[in-house]
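Residue numbers (the working numbering): 399 to 904.
No residue lacks a Cβ here, since even glycine has one placed at the ideal position from N, Cα and C.
Here's the structure we're looking at; comments come further down.
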């Protein structure tokens with residue numbers, strides 16, 4: 399109970415500081431436009447982020463369920479799943495949705511994070527140590543984004559999928575994600591996907607007919623455009639960094655910005671790849687997971703910790719991972735967002751309207767989406783054991799579990815509880831019954847999806863309650879409770895926890 403209280407109070411305090419910072423003209427958007435504009439844009443972005451995050455969990459979770467079961471009771475949910483599960487649209491939706499998450503986080507940072515400058519940051523006469531911890535470092539924005547914009551929606555959508563998707567807001571979000579994918583800005587990811595599948599010896603399969611000549615020209619044309627756009631994004635970012643035209647702290651030299659930039663992208667990549675690898679490994683037998691030490695010390699320790707405590711540690715890892723990823727994104731946004739002083743020439747002499755696009759951080763979001771997120775997911779889906787026995791993912795596993803144990807994000811469960819009470823959503827079993835009941839009615843769920851090369855699809859049920867964490871593993875412990883047995887078949891969420899088998903993507 400203490401963690402819920404202190405986390406909620408910390409969140410309220412952070413939001414208060416953020417709003418005060420905005421109206422004190424100490425954020426980029428409030429300084430360039432008006433505080434009310436920055437506040438409205440930030441709130442709209444956060445609300446949309448909740449749908450992007452929670453919507454993915456609901457759509458993925460409803461995949462195995464016969465859509466006819468909820469066609470009449472939840473028509474908008476039915477429209478969402480009908481669109482996404484047509485042909486290869488699920489892959490397209492996930493790709494566009496991943497870019498949406500990163501872009502929205504960058505926009506939220508633009509609206510509410512303290513911008514760099516010569517003047518010091520001041521607010522209501524608060525001590526400098528409070529300003530430095532919460533505003534200058536971005537901790538307040540990170541807590542706000544994680545708890546309000548991401549985790550609470552994921553908690554709700556894992557067991558209330560039908561009610562969560564049953565709105566025009568969810569359908570419009572699906573359309574936008576598919577439109578982003580159709581634009582082709584991320585099509586280079588498909589080339590990475592094909593390469594990974596080729597290396598893994600698993601050709602990428604499609605649910606759609608072979609493309610015609612014109613369709614192939616359009617497809618590979620967008621792949622080429624995406625590659626050129628990525629190169630251009632790197633060029634603009636590096637020029638801005640070395641000419642000191644970004645929002646990074648002025649004390650940080652350009653060379654350090656580049657090192658931090660690639661280091662943080664590597665951290666995001668490890669966290670993204672680990673997520674996929676853990677869901678792949680959890681479906682394997684214990685002998686394949688390396689719990690016997692056959693794959694090395696790190697694989698053994700990772701398996702013993704990750705699948706301990708009835709797999710609750712897997713859900714706890716996802717919570718801590720969320721905090722790590724968002725933190726890295728906020729710092730990358732500071733490094734890559736272009737900021738020109740009055741009178742400075744535009745980068746590469748581009749028109750003002752194009753420079754304005756650079757200033758939003760769109761190019762940084764593109765780099766993170768392709769290089770730090772999707773590509774690592776694709777590699778991990780093809781070679782999960784390589785991640786599992788690597789020391790770096792093990793270090794991040796420990797770090798994520800430790801962060802979750804601090805209770806910093808427990809306020810998200812409080813927000814989810816309040817929203818569920820206000821909206822009066824009901825669990826999916828009320829409408830469509832349990833998986834066993836559906837099977838008895840000859841409307842059994844579809845077979846479980848397998849983790850294949852080039853299939854970056856994570857799924858896990860975080861649950862209504864904060865998952866208990868067990869960090870240590872002793873050989874004298876009762877291993878019947880600590881590890882996943884060969885005869886324990888993980889549910890659709892990829893875990894063997896007791897309760898619902900609804901899916902949840904984090």
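C-alpha gap between residue i and residue j, whole angstroms
| i | j | result |
| --- | --- | --- |
| residue 500 | residue 619 | 25 Å |
| residue 489 | residue 437 | 33 Å |
| residue 583 | residue 624 | 5 Å |
| residue 423 | residue 439 | 15 Å |
| residue 458 | residue 592 | 23 Å |
| residue 717 | residue 413 | 20 Å |
| residue 580 | residue 712 | 34 Å |
| residue 657 | residue 651 | 10 Å |
| residue 461 | residue 535 | 40 Å |
| residue 604 | residue 532 | 47 Å |
| residue 468 | residue 748 | 51 Å |
| residue 753 | residue 745 | 7 Å |
| residue 495 | residue 597 | 26 Å |
| residue 411 | residue 633 | 39 Å |
| residue 399 | residue 816 | 16 Å |
| residue 401 | residue 804 | 8 Å |
| residue 530 | residue 430 | 23 Å |
| residue 406 | residue 497 | 29 Å |
| residue 602 | residue 780 | 11 Å |
| residue 544 | residue 555 | 15 Å |
| residue 528 | residue 465 | 51 Å |
Residue nearest to residue i in terms of C-alpha spacing, selected from the options
| i | options | result |
| --- | --- | --- |
| residue 755 | 410, 614 and 737 | 737 |
| residue 434 | 448, 418, 646 and 447 | 418 |
| residue 472 | 605, 410 and 569 | 569 |
| residue 757 | 787, 663, 670 and 733 | 733 |
| residue 729 | 530, 540, 608 and 740 | 540 |
| residue 802 | 667, 715, 787 and 520 | 715 |
| residue 561 | 601, 600, 762 and 449 | 449 |
| residue 572 | 525, 492 and 750 | 492 |
| residue 810 | 622, 404, 546 and 522 | 546 |
| residue 384 | 830, 778 and 703 | One cannot answer for residue 384 here, as it falls past the ends of the chain, which runs 399 to 904. |
| residue 918 | 722, 785, 769 and 788 | Any answer about residue 918 is impossible in this case: the structure gives the chain only from 399 up to 904. |
| residue 821 | 673, 565 and 548 | 565 |
| residue 428 | 466, 464, 513 and 453 | 513 |
| residue 721 | 800, 697 and 648 | 800 |
| residue 446 | 481, 574, 403 and 432 | 574 |
| residue 704 | 788, 792 and 586 | 792 |
| residue 812 | 551, 602, 742 and 642 | 551 |
| residue 766 | 830, 662, 671 and 783 | 662 |
| residue 771 | 739, 788 and 673 | 673 |
For residue i, three-class secondary structure by DSSP
| i | result |
| --- | --- |
| residue 758 | coil |
| residue 644 | strand |
| residue 512 | strand |
| residue 874 | Any reading at residue 874 is ruled out, since the residue's pLDDT is 45, under 50, leaving its predicted position unreliable. |
| residue 736 | strand |
| residue 543 | helix |
| residue 415 | helix |
| residue 787 | coil |
| residue 548 | helix |
| residue 655 | helix |
| residue 804 | coil |
| residue 751 | helix |
| residue 487 | helix |
| residue 649 | coil |
| residue 423 | coil |
| residue 463 | coil |
| residue 675 | helix |
Terminal residues of the alpha helix (DSSP H) in which residue i lies
| i | result |
| --- | --- |
| residue 826 | 826 to 830 |
| residue 476 | 473 to 482 |
| residue 566 | 566 to 581 |
| residue 695 | 695 to 704 |
| residue 430 | 426 to 430 |
| residue 592 | 586 to 598 |
| residue 434 | 433 to 459 |
| residue 521 | No alpha helix (DSSP H) contains residue 521, which DSSP labels as neither H nor E. |
| residue 815 | 809 to 821 |
heavy atom of the ligand COA below 6 Å from residue i C-beta
| i | result |
| --- | --- |
| residue 554 | As for the ligand COA, it is missing from this structure, which has no ligand bound. |
Own chain partners of residue i with C-beta closer than 6 Å, once the 5 adjacent residues on each side are dropped
| i | result |
| --- | --- |
| residue 563 | 456, 475 and 478 |
| residue 606 | 485 and 486 |
| residue 590 | 773 and 776 |
| residue 356 | Residue 356 falls outside the range modelled here, since the chain spans only 399 to 904, and no answer is possible. |
Neighbour flag for residue i against chain B, beta carbons, 7 Å
| i | result |
| --- | --- |
| residue 664 | Within the model displayed, chain B is absent; a lone protein chain is all it includes. |
8 Å CB neighbourhood of residue i in its chain, flanking five on each side removed
| i | result |
| --- | --- |
| residue 735 | 426, 504, 507, 508, 644, 645, 757, 758, 759 and 762 |
| residue 408 | 541, 806 and 809 |
| residue 790 | 668 |
Residues near residue i in its chain [Cβ-Cβ closer than 7 Å; skip 5 each side]
| i | result |
| --- | --- |
| residue 415 | 521, 532, 533 and 538 |
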